[in-house]
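Step one of this worksheet: look at the structure below.
There are 2 protein chains.
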Amino acid sequence: MTSGQPLPQDREPSWTIAQVAERTGLSHDTLRYYEKAGLIERVGRTTGNQRRYEAADLLWLEFLLRLRETGMSISDMQHYARLRAEGDATVADRLAMLREHRAELADRMRALRRNASALDDKIEHYERLLDERRPGTDELT
Amino acid sequence: MTSGQPLPQDREPSWTIAQVAERTGLSHDTLRYYEKAGLIERVGRTTGNQRRYEAADLLWLEFLLRLRETGMSISDMQHYARLRAEGDATVADRLAMLREHRAELADRMRALRRNASALDDKIEHYERLLDERRPGTDELT
DNA sequence: GCTTGACCTGGAGCGCGCTCCAGGTTCTAC
DNA sequence: GTAGAACCTGGAGCGCGCTCCAGGTCAAGC
C-alpha cells in the first residue's frame, strides 16, 4: 500500500516563481499581480505557501502573453480567464472573443503597414537630402 | 501703398483648435498638451490669443501621429521635435532616429505576425471543437 | 541549529499619456 | 450691446499596467 497515492517523486514537474519569471520574461511582481488580478487561477503551493507552477500554468501564461503582445487589455484578459474558468460551456464565447481580437489585430497590422511605408518614404527623402548636400564625397574618389 | 504688405485676406488659411481636433481625431486637450510638451512649436494666435493652426502645423501633426501610431513614446517625439527645431544641421540625427524606429517597428510587426498565426491556430482548434460537439445539426437538414 | 537568500502578503507608489476642472477671456450671431 | 459658445491657462486627477516596500515566513547549505 505504499504506491496507491502519488508519491512526491511521482509528481509532475513544477517551477518556482523565479524560474517562471526567467522563462517568461515577466517579473516576480507581475506574476503575482496576474494571479491577484485573476488572470491566472491560484497557482499550487508548497506546504510552506510558496508557489509551484506546473506545465499547464506555463502554457496558459504563454497564451496570455500572446494576447498581451497583440494588444489585449488586462480587463479583457480577465474576462477571457473568467470564461475559461467556467469550463467547456463557454467555448463559443471565448471563440467569439478571439475572433474579434484577431480582427482588431488585422486592422492594426494594416495601419502599421501603411504607416511603415510612409516612414520609408520619409527616410528615403532624408537620405536623398543628405546625399545632395555632400556631393563632393563621390567626386573625389 | 496699400498692397505692399500682405493684407488680411491674403493670409494663408488657418484652422481653429476645434477644426484641427475634428480633423486629426485628437482632443482639444491633447492638442494643447502636445504644444505644452514641446511636440508642436507654439502655434500662431489671433490678437485675442486663440490658436490658429496653419497648413505646416497640420503636416507636422500628421507626421507626429504616424510616429505615435507606430509606437514612438512622447519623450522620443520630444527629442525628434527638438532636433527639428534646430534646423537642417540635425537632418542626419533625425534620419538615424527614424531608421532605428523603423527597425523596431519591423521587429514588432514580425512578432505580431507570429502571434497572429498562433491565434489563428487556436481559433481553428476551437472551431473544430465546437463542430464536433454539435454533430447533429448537419445530419438533420 | 544558523545563516542567507528566496519567497510571502497587503497596500502604496509610479510613469505614461492623456483628461478634467476652475475661473477667466474672446468670438460670433443677433 | 448681449448672450452663449468657444477658447484660454495652470494645475490637479485618472486609468493602466505594473513596481516597490515593509515586515514578515520558508528553504537550502553548511
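Chains as they are written, first to last, in my numbering: chain E, 790 to 930; chain W, 790 to 930. Virtual Cβ for every residue (Gly too), placed ideally from N, Cα, C.
- Only residues of its own chain outside the window of five on either side were considered, and among them 842 have a CB closer than 6 Å to the CB of residue 804/E, listed in chain order.
- Under DSSP, the beta-bridge partners assigned to residue 843/W are 803/W.
- When secondary structure is reduced to three states using DSSP, residue 834/E falls in the strand class.
- DSSP, reduced to helix, strand and coil, places residue 829/W outside both helices and strands of the structure shown, so it counts as coil.
- DSSP, reduced to helix, strand and coil, places residue 864/E within a helical segment of the structure shown.
- Just so you know, the alpha carbons of residue 896/W and residue 858/W end up roughly 15 Å apart.
- Fewer than three beta-carbon pairs drawn from the stretch 878 to 887 of chain W and the stretch 823 to 842 of chain E are found closer than 8 Å, and the two stretches are therefore not classed as touching.
- Around residue 835/W, the same chain offers 841 as residues with beta carbons nearer than 7 Å, after the five sequence neighbours per side are excluded.
- With a minimum length of 4 residues, the unbroken runs of alpha helix (DSSP H) contained wholly in the stretch 877 to 922 of chain W fall at 880 to 922.
- Using a CB distance cut-off of 8 Å, residue 911/E counts as an interface residue toward chain W.
- DSSP, read as helix, strand or coil, puts residue 813/W in helix.
- Exclusion of the five residues before and after residue 817/E leaves 806, 810 as the residues of its chain whose Cβ lies within less than 6 Å of its Cβ.
- Going by beta carbons, residue 904/W and residue 873/E fall outside the 8 Å limit.
- Residue state for residue 859/W is assigned as coil, using DSSP reduced to three classes.
- Scanning 863/E, 913/E, 907/E, 875/E for the CA closest to the CA of residue 819/E turns up 863/E.
- For the stretch 810 to 844 of chain E, the set of positions with a beta-carbon nearer than 9 Å to some beta-carbon of chain W is empty.
- By the C-beta density criterion, residue 870/E is buried, having at least 16 other C-beta atoms within 10 angstroms.
- Contact note: residue 883/W reaches chain E through 915, using a C-beta cutoff of 8 Å and chain order.
- Among the CB atoms of chain W, one or more fall inside 8 Å of the CB of residue 907/E.
- Counting only Cβ-Cβ distances below 9 Å, residue 887/W has contacts in chain E at 908, 911, 912, 915, in chain order.
- Interface criterion met: the Cβ of residue 901/W is under 8 Å from a Cβ in chain E.
- By alpha-carbon distance to residue 861/W, the top candidate from 906/W, 801/W, 833/W, 828/W is 828/W.
- The CB of residue 855/W comes closer than 8 Å to the CB of 904, 907, 908 in chain E, given here in chain order.
- Under the 8 Å criterion on CB atoms, residue 858/W is classed as interfacial with respect to chain E.
- Distance from the CA of residue 887/E to the CA of residue 898/W, rounded to the nearest whole angstrom, comes to 19 Å.
- Residue-level contact check: residue 861/E does not touch chain W, since none of the beta carbons of chain W fall below 8 Å from its beta carbon.
- Contact between residue 813/W and residue 850/W holds: their C-beta atoms lie close to 6 Å from each other, under 8 Å.
- With contacts defined by Cβ atoms closer than 8 Å, residue 866/E and residue 848/E do not form a contacting pair.
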